[in-house]
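Protein chains in written order, with full-length UniProt numbering: chain A, 1 to 429; chain B, 1 to 429; chain C, 1 to 429; chain D, 1 to 429.
4 protein chains.
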Amino acid sequence: MTVVDVGPVAAPPAGATLAERYAAVRAQTEALCAPLETEDYVVSTMTDVSPTKWHLAHTSWFFETFVLAPNDDAYVSPNPRYAFLFNSYYVQAGERHCRAKRGIVTRPTVAEVFAYRAHVDAAMHRLLAEVGDDASHPAYGVIELGLHHEQQHQELLVTDIKHVFWMNPLRPAYLPRVPERAAAAPLRWASFDEGVHHVGFAGPGFSFDNETPAHRVLVGAFRLASRCVTNGEWLAFVDDGGYRKPELWLSNGWATVQERRWEAPLYWERTPDGWTEFTLAGTAPLALAEPACHVSYYEADAFARWAGHRLPTEAEWEVAAERVPVDGRFVDARRFHPGPAPSVPNDVGLAQLYGDVWQWTGSAYVAYPGFRPSPGAIGEYNGKFMCDQWVLRGASCATPRSHARRTYRNFFPSDARWQFTGVRLAGEP
Amino acid sequence: MTVVDVGPVAAPPAGATLAERYAAVRAQTEALCAPLETEDYVVSTMTDVSPTKWHLAHTSWFFETFVLAPNDDAYVSPNPRYAFLFNSYYVQAGERHCRAKRGIVTRPTVAEVFAYRAHVDAAMHRLLAEVGDDASHPAYGVIELGLHHEQQHQELLVTDIKHVFWMNPLRPAYLPRVPERAAAAPLRWASFDEGVHHVGFAGPGFSFDNETPAHRVLVGAFRLASRCVTNGEWLAFVDDGGYRKPELWLSNGWATVQERRWEAPLYWERTPDGWTEFTLAGTAPLALAEPACHVSYYEADAFARWAGHRLPTEAEWEVAAERVPVDGRFVDARRFHPGPAPSVPNDVGLAQLYGDVWQWTGSAYVAYPGFRPSPGAIGEYNGKFMCDQWVLRGASCATPRSHARRTYRNFFPSDARWQFTGVRLAGEP
Amino acid sequence: MTVVDVGPVAAPPAGATLAERYAAVRAQTEALCAPLETEDYVVSTMTDVSPTKWHLAHTSWFFETFVLAPNDDAYVSPNPRYAFLFNSYYVQAGERHCRAKRGIVTRPTVAEVFAYRAHVDAAMHRLLAEVGDDASHPAYGVIELGLHHEQQHQELLVTDIKHVFWMNPLRPAYLPRVPERAAAAPLRWASFDEGVHHVGFAGPGFSFDNETPAHRVLVGAFRLASRCVTNGEWLAFVDDGGYRKPELWLSNGWATVQERRWEAPLYWERTPDGWTEFTLAGTAPLALAEPACHVSYYEADAFARWAGHRLPTEAEWEVAAERVPVDGRFVDARRFHPGPAPSVPNDVGLAQLYGDVWQWTGSAYVAYPGFRPSPGAIGEYNGKFMCDQWVLRGASCATPRSHARRTYRNFFPSDARWQFTGVRLAGEP
Amino acid sequence: MTVVDVGPVAAPPAGATLAERYAAVRAQTEALCAPLETEDYVVSTMTDVSPTKWHLAHTSWFFETFVLAPNDDAYVSPNPRYAFLFNSYYVQAGERHCRAKRGIVTRPTVAEVFAYRAHVDAAMHRLLAEVGDDASHPAYGVIELGLHHEQQHQELLVTDIKHVFWMNPLRPAYLPRVPERAAAAPLRWASFDEGVHHVGFAGPGFSFDNETPAHRVLVGAFRLASRCVTNGEWLAFVDDGGYRKPELWLSNGWATVQERRWEAPLYWERTPDGWTEFTLAGTAPLALAEPACHVSYYEADAFARWAGHRLPTEAEWEVAAERVPVDGRFVDARRFHPGPAPSVPNDVGLAQLYGDVWQWTGSAYVAYPGFRPSPGAIGEYNGKFMCDQWVLRGASCATPRSHARRTYRNFFPSDARWQFTGVRLAGEP
């Protein structure tokens, strides 16, 4: 795992206006593109991966469709076909281009996509001047949703470009190297008693609908690892034949291991000189003290079984994180932390909750009791994916810092590995 | 949905010995084959469906491998290749024949498979004479597991042969017709207050490992429908365009509906004379008062959304079923109920909990807190499937009555329809 | 390769009437089933392979559809759905059951299929009494076509059951063993000068439409091997790394070798005790003097290139065979030849032209100049397959002797191996 | 079909030196890229289609590998990984990048690829100065092959970019519009008597190996259409239900029509205002007098059957073209013909033999008698594709004029439609 350092983009100041936050988020997206050549924006290396150009356009389409169209009668799209090309999956927002074909569309060009962004931004700033910071304005909530949506795509953009560079035999680098951790903190266990807790988001501020409603949960006694599993620990699992022992794996997981010939996390390569890891800074020797990353749920679950532990539930994670501040090596925090982030335990004793890797939980991604998606196409945001996915908690080094949240429910299917995903162990006290 | 009536097989008497129970369960499996021709035993119509011949042999292999091999030094298998052919998925029990090829193996013949059963039975009865009813005997627990395992395959055998007959353009019948319900009971709602409950099996008697350990769960207030959704109610969903409205469906569900061109439950057919349903007694006009059956989780979830309700969680179902006796139209109870089973509400007001259709819950199939699978190959029974499946509760008309249990956790993936699966609605009070 | 010995079925006597020939061919089909168990009739092990039961019924459907329906007003099919189930590919004869699903249809049972045959035979014999040997009767030609069609299915039946038994881990045997050749005759070359020849069938007697019209072809000088390539010679190719050298293979052939991991002909297996070959008599040590069999066009072509020769064109083969009588180890000749057939060269010096293996030619299967298929559904017999296939000449040990003919054009795609197919080499003089 | 007009690239003058021809061909390739944006060079829309960037690099790799490496000790590749990335299918020239992944490789950039071309050109011109026009120089023949190879990729480049633009919902244009034919010449038939002819290339000058050796063929009497089938004639086939009548199609062709839902040639679209055709100049109303283009062999064969004719054999085509000069609307001839090419019959009465569309023949692509591929990796050029393809004769509007030749054997599989392929009818006199 390498740390993303995209340079001098200022985070929006505390107490920023909605217009300032809009400007900062949109600028951050474009700053992430600085290291790219025109060709890099165009392709998709697998169905999960979208072209950079598509991310840039889709996030603009979101504002166009859900903010400008209902609130600005004078707004005209630069090209009515963009609505077809850049709708991701909002069935109620009209016909869409097939996801599998995103990577073969060469026009609009990158320059045209940036012009599209500027066109949307100009209209948005006119509207933002009218909305101000009036949270009761009908556009306010959707604009805020659009900003968080764009931050999600910032992470995807980085995640996807890493895969694009990996699939290229020339293995280009997105970033210069930054120093890695010299040694991991010793693994400690924080213990928690049984209790009834509130789980889920109860405001104030922004959350996605899937974090609500907050509700009471009886959480049994448990303990949680003070930090994430390291590359060094994962290497021990590999060396012990972890990928060759069916008894460690879920049935589907074992089938996947065999079919795809997995022998290690994505981006690891065995060379005559030892294991390497492909990072955003190119191929590097495996950094043993860094958290293991780019592992699927199947691998996370098998590793935990091998280690004699288990994955935490999402309720356990959320309860444990209660007094831990959001801190870590976020994508937009890099300029403050030229070296690796300190893995200093907080008062609960837990490090690396945010900003290193997303942490797989043993909780399937289903609705909270009483969950109600938003009405209309916006309601397709989260609820319709509540099937065959697992919840991940925390945030990764590719997540924007202002996007991380204790109640955040990220979710991916069991075999997904191209995200910055890792493991924090749990168990009974 | 048709009722299975396999005739005069006596259930083991109350207080039966282990040997008597063994004899009764094994005889029941063979009784289920009475309506079949030799050819019917051989084929598989899709990967989920195993040949009848395979069910007959696999259940015998189970006793051979897990009971006779470790407990009877003198036991010799009639053919050492049977261990390869009839192991289903127990990786630790050795190499296996590929599941997808089960339906192309013509030898051993049906007669040879019955001889294999007799060979195993003879050895088992010698062993059973030694074990008696001594639950501390090392073989006792595994024999009991083997009987429940065989009962699961009894249900699968019936479920699979229904699919085999359906895929045949001649549409043979497995059973003679039995009368259907003339009218469904009115739908009522039973309400339950918030409370902390024990969920899971805490003995005495038999349970599968996945029902344990019993643990405390905070269940919020909820209400539960007094009976299952009927064919008539499902028809209203179909007629309202339920299969054509993406907003009702999970994202994967909608993709499945379009790809497989689903327009109604499996086994329904639209004809010039109205809807028909293929049943174990052949094709019949759709019986409106019978419970809707052969629906996937995707359909169950979409139907509930359309109806303005939701599926129950498995904890809710188990809490609600607390004072309801196990009764219904089970496969081996048919001789006691020549007509349809009464849908008479019990003191909790709930009917059709058992013996009509398995009921999809909104709970993903994951481990209970503190779950530990059995050691060795037997431990592959349940735990390794805890991924991308949903829990179903209750029991169907194809389930043996003595196999149904309040804490039973059946599980299938989101798109499975060939099982006897239906819907009971839930909601907030 | 093993020799088929199906016992005491008499070939129709020379000068037999049409009715006698009908009776003999139909009896021969049923005689081929003698070694089978009921279960063996039901399954299909790959798309190319049809169930025995299907062959029995389809050949009867052919007479029903193309002979009885237009010529016998009183004829009634025992089941009108049989026309759907047993039409192979005659689009103009109505809707058909999907080929890929032939192996999952358990009803009609085997007994019912034999009853269907008897039903058709009874009606056919009534009609045959009326037709006599009047070749001008409108039914005469189609009956003769139906007999040759049934003979093709006799070969397919044997070919297919061999694959069914091969795919069964128990490897059953269809036949008792017969002695194999002790040694192959030495390979000699017969030379032929350039000349213009008539190629194709010009009567009298029966031919398929694709053998017509006879036409003149300029055939350059060539030479042809006196016998087929042996297992021993093929083993040298295997041992020389023939399956691992891309320069020997067509591009598609090399892709196929790698994708399917071919290392030898179908039915060969490398064991600790040397190579074995699965035959109709079960698994046996590789018989080095027998002709190599069950090789695809890709393999035939690569072998020829490796050997420094080439495959013959179909015109070369036909010209060379001009004065060679039809003789060999045919399926229905076995009782006359209890030992292997003599490989005695005839006056042209060529042996094994018929009755051992079909011989791949380097001629693509396209229409002869002026080819006209028969009108109506019967015209779908041959012409619509003139694409992406190669012509094979001769006849195999599974071909009925009365079905072999010098102008016969058999055809299969480049990757087909389950037929009794081998290689005769050719080259420039 | 639209005409390619790529502007002011001078053809090499008659009597040009090898160095002049090299310079002209290389410049022509780059001139074809003039209308493209950087993004357009990167993608592949299906396996058959290569990125423009890949064509530019692969043709340079050909010179690097087969000319510079064996003849210029001092030559150093700019990047040793290019040999991996830009080898197409020459197994003997080393490992290759997977064809299916060509369209996801963003680096080297377009600018880097042009630099690669310049690097190769510089070394080539040093070598060409040494070679001069000495045909006995060991490099001479391979350089000439490399130029013809590059011309093949010029046609592919145009063909592929048309597909890339077609797959883009915005439907960009590659070229400005040029006028289309107002009316087709009337269809006449040229008749030819039976005779023995030499077929194949016998020099002097360049040919591919698959055109040799010239050999004698007996060609029966035949007649050939004076021009190609027009869009207007094809429309009559469509309107007559040609794509819905199985009796017109080869068996594989009918399966393809149904599976891919073909209703007309590739690039045709049915709109409320009538049929349109996507051309290199964008979408236009169907031009009825232009030759039908972008049809597969399956469609060509079905059309001919529907029309009561057949496709010519390749020998017939070559015999008929004997006294017809190479003329037509070639890609590099456009500046001489600002309007459509005249369809003026020559002295044999045949028009449109070259420069409009490739013409499917009914001849499978197999070796000529006595064919010997070149030794080494260069020998993989043609021979290894002699399987499951059909010969096409003539040349298309996307072919460079100096690349067309009477004996040229182009070849594609039965379902290929993205090439500029059409139909000329033939029949008996």
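The beta carbon of each residue, even a glycine, is placed where N, CA and C say it ideally should be.
According to the neighbour-count rule (16 or more other Cβ atoms, all chains shown, within 10 Å of its Cβ), is residue i buried or exposed?
{"i": "G94 (chain B)", "result": "exposed"}
{"i": "P265 (chain C)", "result": "buried"}
{"i": "S414 (chain D)", "result": "buried"}
{"i": "P78 (chain C)", "result": "exposed"}
{"i": "D209 (chain D)", "result": "buried"}
{"i": "E194 (chain D)", "result": "exposed"}
{"i": "M46 (chain C)", "result": "exposed"}
{"i": "D388 (chain A)", "result": "buried"}
{"i": "F332 (chain B)", "result": "Reading the sequence as shown, one finds Asp at residue 332 (chain B) and not Phe. D332 (chain B) comes out buried."}
{"i": "T38 (chain B)", "result": "buried"}
{"i": "T65 (chain A)", "result": "buried"}
Give the DSSP-derived three-state secondary structure of residue i in the structure shown.
{"i": "T407 (chain C)", "result": "coil"}
{"i": "R244 (chain A)", "result": "helix"}
{"i": "F336 (chain D)", "result": "Only weak support exists for where F336 (chain D) lies, its pLDDT of 35 falling under 50; the value from the coordinates is given anyway. Reduced to three states, the DSSP call for F336 (chain D) is helix."}
{"i": "S396 (chain C)", "result": "strand"}
{"i": "T17 (chain C)", "result": "coil"}
{"i": "E322 (chain D)", "result": "coil"}
{"i": "A190 (chain C)", "result": "strand"}
{"i": "L235 (chain D)", "result": "helix"}
{"i": "A367 (chain D)", "result": "coil"}
{"i": "Q352 (chain B)", "result": "coil"}
{"i": "W418 (chain D)", "result": "coil"}
{"i": "R310 (chain D)", "result": "strand"}
{"i": "G362 (chain B)", "result": "strand"}
{"i": "Y297 (chain B)", "result": "helix"}
Per DSSP, which one or two residues make a beta bridge with residue i?
{"i": "P285 (chain C)", "result": "C:T276"}
{"i": "R216 (chain B)", "result": "B:H198"}
{"i": "V391 (chain D)", "result": "D:F411"}
{"i": "P291 (chain D)", "result": "D:T230"}
{"i": "G271 (chain C)", "result": "For the record, residue 271 (chain C) in the displayed sequence is Thr; it is not Gly. T271 (chain C) is bridged to C:G274."}
{"i": "R223 (chain C)", "result": "C:S191 and C:G427"}
Counting contacts by CB-CB distance shorter than 8 Å, is residue i in contact with chain E?
{"i": "E247 (chain A)", "result": "Within the model displayed, chain E is absent; protein chains A, B, C and D are what it includes."}
Whole beta strand (DSSP E) elements within the UniProt domain "DinB-like" (22-156) of chain A, 3-residue minimum: The qualifying runs do not exist here; there are none.
Listed in chain order, which residues of the region 148-175 of chain C have Cβ atoms closer than 7 Å to some Cβ of chain B? Only those residues of the region 148-175 of chain C whose C-beta falls short of 7 Å from the nearest C-beta of chain B are listed: V164, M167, N168, P169, L170 and P172.
For the UniProt domain "DinB-like" (22-156) of chain C, which residues have a CB atom closer than 8 Å to at least one CB atom of chain D, in sequence order? Legend: CB atoms of the UniProt domain "DinB-like" (22-156) of chain C lying less than 8 Å from CB atoms of chain D belong to residues Y89, V91 and Q92.
Interfacial residues, the region 203-222 of chain B to chain A, with Cβ spacing under 8 Å: Per Cβ criterion, the list reads H215, R216, V217, L218 and G220.
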